[in-house]
Structure formats: C-alpha cells, structure tokens
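Chemist: In our numbering, each residue's number is its place in the sequence shown (first place is 1) plus 309. Cβ coordinates follow ideal geometry from the N, Cα and C atoms, glycine included. Here the structure is a predicted model, which means the values were calculated and not measured. Sharing a structure, written as structure tokens. Questions coming.
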Amino acid sequence: MHLNEFLIGNLSAMFFLTKMKVRNYDLLIIIFVFITIIILKFTSLQLHNGLLSVTFAPLIILISANNGYITKIFDNKIFCYLGEVSYSLYILQYPVNKIMKKIFTYYNMPIDNMQFLFIFILFLLVFSIISYELIEKNARLLIKKLY
C-alpha cells in the first residue's frame, strides 16, 4: 500500500494551501533537485515505499508556489502542451514499447539502447499527440455537453 505517500501528499496540500506564499523559490528548487539526485545516485536506500516522497513533496510545493525564472521556463507553450498530453504519454508508454520491440525483433533490426530510446520517445510523442487530439479532446467536449 501507499498510505505513507498518500498522507505526505495530504499534509503537503494542507501546508501549501495554508502556509505557502507565492514568490521566487528558484534557489530552493535547485537545492532540492540536487538533494534528490544525490539520494538517487549515491545511496542504497530502499526508496520504493515512499521514502523519496520526503524530497519530492517539498520540491512539488516549491515549484507550485514559485514565480521565479524556473516557472517562466516551464510556462512555455511547448511544456504546457506536453503537460496536456502527459496522460497519453503515461498510458501509451508500455504498449508503444512492446510494439516497437516486436517490430525490431520481427524485422531483425539490430539497434542499441540509446537509438531505441530516441526512436521510442519520438513514436511515443507522436502517438500521444494523436491520442490527445483525437480521443481526449473529444471526450472532454462530450463530457462537458453531458454534464
């Protein structure tokens, strides 16, 4: 179960809604990103059961309340659109990966991991955008009409 992650998320939301002020938190965000990288790279801690949420929760809170340069970078139209298609990216990553591996195996195409990664990301983006534009947008409109 993920009760600890759920509780940390709830506590983080309560803290964000009651205590956080919108201002420039760029330096703190960079510090927490480096702390997270160091924890991931140089420790052998078992992070699967919610321990990583201890660094991710403050990072998410700080990014949400930030109005600094980092926010301006991610406020770009491309990043906002990637956020819109992110559910399709999440849902389609497994099937696209499996289909691509079968295609490369069937046609006996030797490819190294880095090449596969770039091709996979490209195809995943293309299929996610198609899915978003043809399915998700229309489903949203239909749901709005019904309710």
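Can you grab the Cα-Cα spacing for the pair residue 433 / residue 405, in whole Å?
Modeler: Residue mapping note: residue 433 aligns to position 124 of the sequence shown, counting from 1. Residue mapping note: residue 405 aligns to position 96 of the sequence shown, counting from 1. Computed Cα separation, rounded: 6 Å.
Chemist: Nearest to residue 321 by alpha carbon, out of 419, 426, 374, 454?
Modeler: In the sequence shown, residue 321 corresponds to position 12, counting from 1. For the residues 419, 426, 374, 454, the minimum Cα distance to residue 321 belongs to 374.
Chemist: Helix, strand or coil, according to DSSP, for residue 376 in the structure here?
Modeler: The sequence position of residue 376 within the sequence shown is 67, counting from 1. In this structure, residue 376 counts as coil in the three-state DSSP scheme.
Chemist: Determine whether the beta carbon atoms of residue 379 and residue 335 lie at a separation below 8 Å.
Modeler: Walking along the sequence shown from the start, residue 379 turns up at place 70. Walking along the sequence shown from the start, residue 335 turns up at place 26. Yes.
Chemist: Since residue 330 is in the alpha helix (DSSP H), which residue starts that stretch and which ends it?
Modeler: If you number the sequence shown from 1, residue 330 lands on position 21. Taken as a continuous stretch (DSSP letters only), residue 330 belongs to no alpha helix (DSSP H), as it is neither H nor E.
Chemist: Among the candidates 332, 400, 343, whose CA atom is the shortest distance from the CA of residue 371?
Modeler: Here the question's residue 371 lines up with position 62 in the sequence shown. Nearest C-alpha to residue 371: 332.
Chemist: Ignoring anything shorter than 4 residues or poking outside the region 339-404, list the alpha helix (DSSP H) runs there in chain order.
Modeler: Fully enclosed alpha helix (DSSP H) runs of 4 or longer: 362-374, 378-383, 386-393.
Chemist: Would you tell me roughly how many angstroms separate the C-alpha atoms of residue 312 and residue 330, rounded to the nearest one?
Modeler: Taking the sequence shown and counting its residues from 1, one reaches residue 312 at position 3. Taking the sequence shown and counting its residues from 1, one reaches residue 330 at position 21. For residue 312 and residue 330, the distance between alpha carbons rounds to 28 Å.
Chemist: Going by CA-CA distance only, name the one from 337, 358, 364, 429 that's closest to residue 348.
Modeler: Here residue 348 refers to the residue found at position 39 when the sequence shown is read from its first residue. The shortest Cα separation from residue 348 among 337, 358, 364, 429 belongs to 364.
Chemist: Would the region 389-401 count as touching the region 412-420 if we require 3 or more Cβ pairs under 8 Å?
Modeler: Too few Cβ pairs lie closer than 8 Å, so no.
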